[in-house]
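Enquirer: To start, I am sharing the structure in question, which I have written as structure tokens.
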Amino acid sequence: MTANTTAGTEAAGGVVHAAGGDAGAPVALRELSRSFGSVRALDGLSLEIAPGEFVALLGPSGCGKTTALRIVAGFETADSGSVTVDTKDVSAVPAAKRDMGMVFQSYSLFPNMSALDNVGFGLRMRQLRAGERSRKAGALLDMVGLSDHAKHYPHQLSGGQQQRVALARALAIEPRVLLLDEPLSALDAKVRLQLREQIRSLQQRLGTTTLFVTHDQEEALSMADRVGVMRDGRLEQVAVPSELYAEPATAFVAEFVGVMNRIPGQLEGADQVSVLGVIAPVHGSTAAGLSRDVDVLVRPETLRIAVQEGGNGIVTDRTFLGSVTRVSVRLSGDVTVKVDRATTEAAEMLPGASVQVSMPVTPVHVTGRR
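Just so you know, we're using numbering that gives the first Met the number 0 here: the sequence shown kicks off at 0 and counts up by one.
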């Protein structure tokens, strides 16, 4: 799935706007392995990225996502495997010659250079004439909304402004591949939201193939065409955000992406589980090798809830989320679940209310009992 760029091309201020991802190159990571001493950071990682596609690598700390990005950039060398760009193996190509732009978490701006000079630095290294360099750098600053800050130095800019300068600098060399290493994690929530929308808009506009590393699932799901969830150096699943959420391939993905309840259940054979009074089919082969007592993974919006005297749970808390209210319910066995209900229907579900929690007969993931 590629980014939905606008049809046609245009040039403004020396910045080319691509159509259909024409500016981006296909990227392939094939069987990448990397160890640091006894720690295996990557374990046969393979991933194909289409021209102009925005792919996010998502996972917990230590899963190997940053190592994968650094290998693509040329800052790390894989023990085995290859990286190809536009079908050409770049595994042995120095980082400076890979035609890639990179934005780091820490901005990495030159403190003694103005915003304009920072953006134009890569162009100067490519020996672009001063007038053309200034014109192009100015156009990029305008694109990220900082044309009025061209003469400001990094210490005169906010964190969000510095990161936009870093983004403009990465894009100035018109890379066919853009690499983003947790670029928003150091920013406050409001700025993160604004900047992620701007990054996505620019990426679609320019058609640059983009690989984005983050531990923030909201960022990954809202920005990327596809998301790869990593665990222990391998990809658990790569899919469009809606599929990753609604149809997780493994119990790890199911728990890592979104909010998930763990509800005690019992396996009934290899492909069914008894939970909350119903017999539900088990998703795929997730029950393989588990004992009869398991935890069933169910999302808050899947569960049903109704006020009922003598029900199977007691409301302990409520969280207003706008059109939805998340109701926390303590079930027997001191198990607490979260149930999402339309706010207009949750008025009676106050702390202390007796409720009946149930679920439809739908395929579920199961995992070992905690």
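Cβ atoms here follow ideal geometry from the backbone N, Cα and C, with glycine treated the same way.
On the DSSP bridge assignment, give the partners of M229 in chain order.
Expert: For M229, which the question treats as bridged, DSSP gives the partners L234.
Enquirer: Just grab the DSSP bridge partners of A49 for me.
Expert: None, per the DSSP bridge assignment.
Enquirer: Roughly how many angstroms lie between the CA atoms of D231 and H148, to the nearest whole one?
Expert: 43 Å
Enquirer: Could you name the residues of the same chain whose beta carbon sits closer than 8 Å to that of P59, not counting the 5 residues immediately before and after it, in chain order?
Expert: H214, R230, F255
Enquirer: Taking Cβ positions, are T297 and V274 nearer each other than 9 Å?
Expert: According to the sequence displayed, residue 297 carries Val and not Thr. The answer is yes: Cβ separation under 9 Å.
Enquirer: Of all the options E235, G310, V323, E47, which has the alpha carbon lying nearest to the alpha carbon of G276?
Expert: G310
Enquirer: Select from H154, G283, V365 the residue whose C-alpha is nearest the C-alpha of M259.
Expert: V365
Enquirer: May I have the straight-line CA-CA distance separating D116 from L28, to the nearest angstrom?
Expert: 34 Å
Enquirer: In chain order, what residues of the same chain lie with their CB nearer than 8 Å to the CB of L140, ignoring the 5 residues before and after it?
Expert: A114, L115, V118, S146, H148, A149, V164, A167
Enquirer: Measuring CB atoms only, is the segment 320-333 touching the segment 342-349, in the sense that at least three cross pairs come out at less than 8 Å?
Expert: yes
Enquirer: Given that a residue counts as buried once 16 or more other Cβ atoms are within 10 Å of its Cβ, and exposed if not, what is T76?
Expert: exposed
Enquirer: Is I172 helix, strand or coil when you go by DSSP?
Expert: Here I172 sits in coil by DSSP.
Enquirer: With distance defined between alpha-carbon atoms, name the residue in F109, A245, P50, M348 nearest to V326.
Expert: M348
Enquirer: Can you confirm whether the segment 245-252 touches the segment 81-92 when touching is taken to mean that 3 or more C-beta pairs between the two stretches lie within less than 8 Å?
Expert: no
Enquirer: Relative to the C-alpha of A171, which residue among G206, K135, D187, S290 is closest?
Expert: K135
Enquirer: I'd like to confirm the pairing. Which residues does DSSP put opposite G159 in its beta bridges?
Expert: Within the DSSP bridge table, the entry for G159 names no partner.
Enquirer: Quick one: measure Cβ to Cβ for L178 and L68, integer angstroms, because I've assumed they're closer than 8 Å.
Expert: Rounded to the nearest angstrom, the Cβ distance from L178 to L68 is 6 Å, consistent with a contact under 8 Å.
Enquirer: Taking all protein chains shown into account, do 16 or more other C-beta atoms lie within 10 angstroms of the C-beta of M142, making it buried, or fewer, making it exposed?
Expert: buried
Enquirer: Taking 6 Å as the limit between beta carbons, can you name the residues of its chain near P359, skipping five residues before and five after?
Expert: none
Enquirer: Less than 9 Å between the C-beta atoms of Q162 and L186, yes or no?
Expert: yes
Enquirer: Name the DSSP bridge partner or partners of F211?
Expert: A55, L179
Enquirer: What first and last residue would you give for the alpha helix (DSSP H) that runs through Q104?
Expert: Q104 -> no alpha helix (DSSP H), and no H or E assigned at all.
Enquirer: What does DSSP give as the partner residue(s) for P263 in the beta ladder?
Expert: D294
Enquirer: Using CA atoms only, rank isn't needed, just tell me which of L302, F103, E218, R39 is closest to Q193.
Expert: E218
Enquirer: Taking all protein chains shown into account, do 16 or more other C-beta atoms lie within 10 angstroms of the C-beta of Q155, making it buried, or fewer, making it exposed?
Expert: exposed
Enquirer: Taking C-alpha atoms, which residue in P263, F35, R261, R291 lies nearest to D270?
Expert: Of the candidates P263, F35, R261, R291, the one whose C-alpha sits nearest the C-alpha of D270 is R291.
Enquirer: Hey, V82 and D180 are a contact pair by Cβ (cut 8 Å); roughly how many whole angstroms apart?
Expert: Not really, about 16 Å apart at Cβ, beyond 8 Å.
Enquirer: What number of angstroms, rounded off, separates the C-alpha of T66 from the C-alpha of Q355?
Expert: 47 Å
Enquirer: Nearest by alpha-carbon distance to G283: which of T361, V239, V190 is it?
Expert: T361
Enquirer: Report yes if the CB atom of L57 is closer than 9 Å to the CB atom of Q160, and no otherwise.
Expert: No. Outside cutoff.
Enquirer: Would a C-beta distance cut-off of 9 Å place K64 and V295 closer than the cut-off?
Expert: In this structure, V295 does not lie closer than 9 Å to K64 by Cβ.
Enquirer: Kindly indicate which three-state DSSP category D270 falls into: helix, strand or coil?
Expert: coil
Enquirer: Kindly give me the distance between the Cβ atoms of G80 and E47, rounded to whole angstroms, as I take these residues to be in contact under 8 Å.
Expert: At roughly 13 Å, the Cβ-Cβ gap does not stay under 8 Å, so G80 and E47 are not in contact.
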